[in-house]
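Counted from 1, the sequence shown has number 208 at position 209 by numbering that gives the first Met the number 0; the numbering is strictly sequential.
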Amino acid sequence: MATQTQSGAGQISGNVLFYSKPEPLSVDLHKTLGVKSVAGPFKFAKEGHAVPLTVTEFGVSALCGPIIFVGDEKIPLAVMGLNPGENMFLTAEGMFEPGVYVPAYIRRYPFVFANDSAAGQMILCIDRAAEFIVEGGDMSFFDAEGKPTEYTQNCINFCNDYEVERQRTQNFVQLLKDLDLFETKKATFTPTNPDGSAGEPQTIAEYFGVSEEKLNALPVEKYTELRDNGALAQIYAHLVSLSGWDRLIALAMARMPQAANA
């Protein structure tokens with residue numbers, strides 16, 4: 000994959016979760032900048048109640064919460080909260096709760112690749128709005144000669160790996176589409192009335208997921224193919240993860256008294 004940093008740059012366009020001011024990384028504009036160490040490095044993710052996930056992350060992410068698919072492209076997301084703008088796994092100090100898996104999409108921030116279709120390559124960008132990007136940061140973007148530092152090169156490598164996994168994820172989703180395995184699913188919650196009786200069920204989310212019925216109805220050779228190429232394990236990780244809706248609901252219920260007393 001061809002990648003580069005820019006010798007001159009302007010702001011790029013687009014709407015990407017968490018990135019409010021993405022700029023192509025440029026030695027001209029950013030030579031004196033770097034990243035400073037902060038106590039709560041994930042504060043930017045507080046509004047990420049559903050975060051993009053790559054297929055190789057399904058197994059470990061399934062232990063934390065639901066993995067769903069959304070939109071026409073069936074983009075896989077790790078659900079981290081019940082309400083938009085609320086990541087329930089993130090503390091007020093900007094740290095994830097112990098034991099919570101942090102998706103690679105979050106860990107690559109403030110870096111991201113933008114596709115330069117005209118040049119046929121990927122351009123490394125940073126979110127200039129990130130609060131921990133400062134003049135003379137602990138980890139500089141460029142050295143005295145204007146070359147990417149080891150820190151920046153490691154970030155480039157991480158973003159390269161992420162792009163490879165993103166393409167693998169697209170291939171996985173396309174396979175599920177080709178086999179017509181998706182169906183519309185709902186996450187619901189049944190509240191308890193003051194008298195102890197069950198209330199009216201409430202829909203928390205509507206999304207796409209794999210249909211167990213369709214999966215079980217596949218011809219043996221197709222099922223075996225999914226097993227042999229590793230897709231079957233990822234499918235079952237997704238299906239198991241859906242029990243995580245109960246965890247999110249329980250967490251929200253436990254926090255309600257705290258919110259009322261705040």
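Even glycine gets a Cβ: it sits at the ideal position worked out from N, Cα and C.
Sub-8 angstroms separation of residue i and residue j beta-carbons
i: Y100; j: S60; result: yes
i: E46; j: G84; result: yes
i: T53; j: A103; result: yes
i: I122; j: F110; result: no
i: K20; j: R127; result: yes
i: E134; j: L247; result: no
i: S240; j: G70; result: no
i: G136; j: K42; result: no
i: F171; j: A230; result: yes
i: L180; j: V209; result: yes
i: C158; j: F112; result: yes
Heavy atom of the ligand COA within 7 angstroms of residue i beta-carbon
i: F43; result: Of the ligands one can find in the structure shown there are none, so the ligand COA has no counterpart to examine.
DSSP state of residue i mapped onto helix, strand, coil
i: E134; result: strand
i: F95; result: strand
i: M255; result: helix
i: Y222; result: helix
i: V332; result: Only positions 0 to 261 of the chain appear in the structure, and residue 332 is not among them; the question remains open.
i: T4; result: Below a pLDDT of 50, predicted positions are generally treated as unreliable, and T4, at 43, falls in that range; the measurement from the model is reported next regardless. Coil, per DSSP.
i: Y100; result: coil
i: G33; result: strand
i: E182; result: strand
Continuous alpha helix (DSSP H) stretch holding residue i: start and end
i: T202; result: Not the alpha helix (DSSP H): T202 falls in the beta strand (DSSP E), residues Q201 to V209.
i: L175; result: E149 to D177
i: L231; result: A230 to S240
Rounded straight-line distance, which links the Cα of residue j to that of residue i
i: T187; j: A197; result: 13 angstroms
i: V26; j: L238; result: 46 angstroms
i: T90; j: M255; result: 16 angstroms
i: M79; j: P97; result: 14 angstroms
i: Y222; j: I74; result: 22 angstroms
i: D40; j: E22; result: With the sequence shown as reference, residue 40 is identified as Pro, and Asp is not the correct amino acid for it. Going by the C-alpha atoms only, they are around 20 angstroms apart.
i: D177; j: Y18; result: 33 angstroms
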